[in-house]
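*Asks:* Dropping a structure here in structure tokens format, bear with me for questions.
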Amino acid sequence: MPSVLYFYSSSEATLSYEQQLNYHEKYLETGDIKFLHIIANSLRKFITFRAKKLTDNPDDLLDLIEEGYLLTIKALKRYKKNKGMITTFVCTAIDRGLKRYINNNCKNFVIPEKFLRYILIACHIQDFSMVSENHHLSDEEIADRLMISIEAYQYAKKLYSITPILSLEEIISFQHFYTSTHDGLPPNYQDVLPCVDYDVENLTTNQYYDKVDKLLNNTTKKQREAIIIRYGLEDGQFKTLEKTAEILGCNRQNVDALIKNGIKRIRNNIPNLDTQRQI
Numbered sequence: 001m002p003s004v005l006y007f008y009s010s011s012e013a014t015l016s017y018e019q020q021l022n023y024h025e026k027y028l029e030t031g032d033i034k035f036l037h038i039i040a041n042s043l044r045k046f047i048t049f050r051a052k053k054l055t056d057n058p059d060d061l062l063d064l065i066e067e068g069y070l071l072t073i074k075a076l077k078r079y080k081k082n083k084g085m086i087t088t089f090v091c092t093a094i095d096r097g098l099k100r101y102i103n104n105n106c107k108n109f110v111i112p113e114k115f116l117r118y119i120l121i122a123c124h125i126q127d128f129s130m131v132s133e134n135h136h137l138s139d140e141e142i143a144d145r146l147m148i149s150i151e152a153y154q155y156a157k158k159l160y161s162i163t164p165i166l167s168l169e170e171i172i173s174f175q176h177f178y179t180s181t182h183d184g185l186p187p188n189y190q191d192v193l194p195c196v197d198y199d200v201e202n203l204t205t206n207q208y209y210d211k212v213d214k215l216l217n218n219t220t221k222k223q224r225e226a227i228i229i230r231y232g233l234e235d236g237q238f239k240t241l242e243k244t245a246e247i248l249g250c251n252r253q254n255v256d257a258l259i260k261n262g263i264k265r266i267r268n269n270i271p272n273l274d275t276q277r278q279i
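As structure tokens, this is what we get:
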């Protein structure tokens, strides 16, 4: 008999909590895993939503969604009625499982850009507060200065904490923030944060182009070209490894190696890069 995955329509699979419980009870009675697939299919959109919150990298997203589906099935096998709502139980399992999966498998993991901006700006705000006021800001104070919710800021911190390696955007921005002058302040402070709003949406645009170019000078010609295309440093369009390989006329594995080695060369040429800043 074909798997329920192939004949069950997830687009029409919205189930109430009572329906979810009913299918789960049928699974417990019969041991037929198709009932768990019916529940999991009803949560497809939810699984996709959780995965999209964890990455902007197209190469990782499909893997995360598929892994999230498998985690859902495993969670449903462990579920008991006294553990609360099925969706809540599954959500916890997905978040924990995807964190482990990212650490073990997504070596080029790139967190969503807006969350990365929050973390970078928070580092800067914290440094400035320590220098000017000798005061370590709380999460609530930083979120208030960023004009975002405390939940959004803490979620950004959580994502940043599980990133296995620095993304290119982090390398560029951390080097900019932590090249300090003799008084401990980043250079051109007013250029970085020109207004009280901290210009969150435009922080990593024109003012960093010259810094990007200098960093890329540490790479070979092929590495530089692969990084520029992959991360959209000229046209602003992030590309998958497959698309980058197509443009360069080589295979995905070669592109992946070029980018990894290029970023490694950049990191090795950035003195005193501290990736464990306390924010």
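Each step along the sequence shown adds one to the number in full-length UniProt numbering, with nothing skipped, and position 63 is 63.
Glycine included, C-beta positions come from ideal geometry on N, C-alpha and C.
#1: If you follow the alpha helix (DSSP H) that L137 is part of, which residue opens it and which one closes it?
#2: Roughly how many angstroms lie between the CA atoms of N261 and T220, to the nearest whole one?
#3: Taking DSSP as the reference, what is the three-state secondary structure of I39?
#4: Across the stretch 29 to 41 and the stretch 91 to 104, are there enough close Cβ pairs to call them in contact, namely three or more that are closer than 8 Å?
#5: Should Y23 and I39 be called a contact, given that it needs their Cβ atoms to be closer than 8 Å?
#6: Output the boundary residues of the alpha helix (DSSP H) element that contains Y27.
#7: Grab me the residues of L216's own chain with a C-beta within less than 6 Å of its C-beta, minus the 5 sequence neighbours each way, in chain order.
#8: Out of N269, N134, N104 and I121, which has the shortest C-alpha to C-alpha gap to A156?
#9: Within 8 Å (strictly less), CB to CB, does L120 reach chain D?
#10: For Y79 and I86, which I take to be in contact (beta-carbon distance under 8 Å), what is that distance rounded to the nearest angstrom?
#11: In angstroms, rounded to a whole number, what distance separates the CA positions of E66 and E242?
#12: To the nearest angstrom, report how far apart P164 and I102 are at their CA atoms.
#13: Do you know offhand how far S132's Cα is from L258's?
#14: Tell me whether the beta-carbon of D139 lies closer than 8 Å to the beta-carbon of Y153.
#15: Which runs of the beta strand (DSSP E) at least 3 residues long sit entirely within the UniProt domain "RNA polymerase sigma-70 region 2" (42 to 103)? Give them in chain order.
#16: Classify residue 294 as helix, strand or coil using the three-state DSSP reduction.
#17: Is the beta carbon of L137 less than 8 Å from the beta carbon of I125?
#18: In the structure shown, what three-state DSSP assignment does L185 receive?
#19: Am I right that I229 and T244 are in contact with their C-beta atoms under 8 Å? What's the rounded C-beta distance?
#20: By DSSP, does Y231 sit in helix, in strand, or in coil?
#21: Tell me the rounded alpha-carbon separation between K222 and S129.
#22: By the DSSP assignment, the alpha helix (DSSP H) with K261 in it spans what residues?
#23: Determine the closest residue to K158 out of K53, N41, E18 and G249, with distance taken between C-alpha atoms.
#24: Decide if L28 is buried, meaning its Cβ has at least 16 other Cβ atoms within 10 Å, or exposed.
#25: Give me the Cβ distance between D95 and R44, rounded to the nearest whole Å; I'm assuming they're in contact under 8 Å.
#26: Could you spell out the range, first to last residue, of the alpha helix (DSSP H) harbouring T244?
#27: Which term fits T30, buried or exposed, when burial requires 16 or more other beta carbons within 10 angstroms of its beta carbon?
#28: I need the DSSP call for S149, collapsed to helix, strand or coil.
#29: Beta-carbon within less than 6 Å of H182's beta-carbon, same chain only, minus the 5 sequence neighbours each way: which residues are those?
*Replies:* This is what the structure holds:
#1: Here residue 137 is taken as the residue at index 137 of the sequence shown, counted from 1. Neither: L137 is in no alpha helix (DSSP H) and is coded neither H nor E.
#2: Against the sequence shown, residue 261 aligns to sequence position 261. Against the sequence shown, residue 220 aligns to sequence position 220. Cα to Cα, the separation comes out at about 9 Å.
#3: On the sequence shown, position 39 is the one that residue 39 refers to. Of the three classes helix, strand and coil, the one that applies to I39 here is helix, per DSSP.
#4: no
#5: On the sequence shown, residue 23 is found 23 positions in, with the first residue counted as 1. On the sequence shown, residue 39 is found 39 positions in, with the first residue counted as 1. Their beta carbons are under 8 Å apart, which means Y23 touches I39 by this criterion.
#6: Working through the sequence shown from its first residue, we reach residue 27 at position 27. Element bounds for Y27: Y17 to T30.
#7: In the sequence shown, residue 216 corresponds to position 216, counting from 1. Closer than 6 Å at Cβ, skipping near neighbours: R224.
#8: Position 156 of the sequence shown, counted from the first residue, corresponds to residue 156. The shortest C-alpha separation from A156 is found at I121.
#9: The structure shown contains no chain D; it holds only a single protein chain.
#10: Residue mapping note: residue 79 aligns to position 79 of the sequence shown, counting from 1. Residue mapping note: residue 86 aligns to position 86 of the sequence shown, counting from 1. Their Cβ separation, rounded to whole angstroms, is 6 Å, which keeps Y79 and I86 in contact under 8 Å.
#11: Translated into the one-based positions of the sequence shown, residue 66 becomes position 66. Translated into the one-based positions of the sequence shown, residue 242 becomes position 242. Rounded to whole angstroms, E66 to E242 spans 19 Å at the Cα level.
#12: For this step, residue 164 is matched to residue 164 along the sequence shown. For this step, residue 102 is matched to residue 102 along the sequence shown. The predicted model places P164 with a pLDDT of 43, which falls under 50 and marks its position as unreliable; any figure quoted below should be read in that light. About 8 Å.
#13: Position 132 of the sequence shown, counting from 1, holds the residue named residue 132. Position 258 of the sequence shown, counting from 1, holds the residue named residue 258. Their backbone Cα atoms lie some 42 Å apart in a straight line.
#14: Position 139 of the sequence shown, counting from 1, holds the residue named residue 139. Position 153 of the sequence shown, counting from 1, holds the residue named residue 153. The answer is yes: Cβ separation under 8 Å.
#15: none
#16: The shown model of the chain, from 1 to 279, leaves out residue 294, and the question about it has no answer.
#17: In the sequence shown, the residue the question calls residue 137 occupies position 137. In the sequence shown, the residue the question calls residue 125 occupies position 125. Yes, the Cβ-Cβ distance between L137 and I125 is below 8 Å.
#18: Taking the sequence shown and counting its residues from 1, the one referred to as residue 185 is at position 185. With a pLDDT of 34 at L185, under the threshold of 50, the predicted position of this residue should be treated as unreliable, though the coordinate-derived value follows. Here L185 sits in coil by DSSP.
#19: Numbered from 1 along the sequence shown, position 229 holds the residue referred to as residue 229. Numbered from 1 along the sequence shown, position 244 holds the residue referred to as residue 244. Indeed, because the Cβ distance is near 5 Å, the residues count as touching under 8 Å.
#20: As a position in the sequence shown, residue 231 is number 231, starting the count at 1. The answer is coil: DSSP assigns Y231 none of H, G, I, E or B.
#21: Walking along the sequence shown from the start, residue 222 turns up at place 222. Walking along the sequence shown from the start, residue 129 turns up at place 129. Those two C-alpha atoms are separated by around 42 Å.
#22: Walking along the sequence shown from the start, residue 261 turns up at place 261. What sits at residue 261 in the sequence shown is Asn, not Lys. Run containing N261: R252 to N268, per the alpha helix (DSSP H) assignment.
#23: The residue you call residue 158 lines up with position 158 of the sequence shown. Cα-wise, what sits closest to K158 is K53.
#24: What you label residue 28 is simply residue 28 of the sequence shown in a count that begins at 1. Exposed, since its Cβ has fewer than 16 Cβ neighbours within 10 Å.
#25: Locating residue 95 in the sequence shown gives position 95, counting from the first residue. Locating residue 44 in the sequence shown gives position 44, counting from the first residue. Not a contact, Cβ separation roughly 17 Å.
#26: The residue given as residue 244 occupies position 244 in the sequence shown. Segment L241 to L248, the alpha helix (DSSP H) holding T244.
#27: The residue labelled residue 30 in the question sits at position 30 within the sequence shown. Exposed, by the Cβ-count rule.
#28: Counting from 1 along the sequence shown, the entry for residue 149 is found at position 149. DSSP places S149 in coil when its eight states are reduced to three.
#29: For this step, residue 182 is matched to residue 182 along the sequence shown. For H182, the predicted model reports a pLDDT of 36, less than 50, meaning its position is unreliable and no value from the coordinates is stated.
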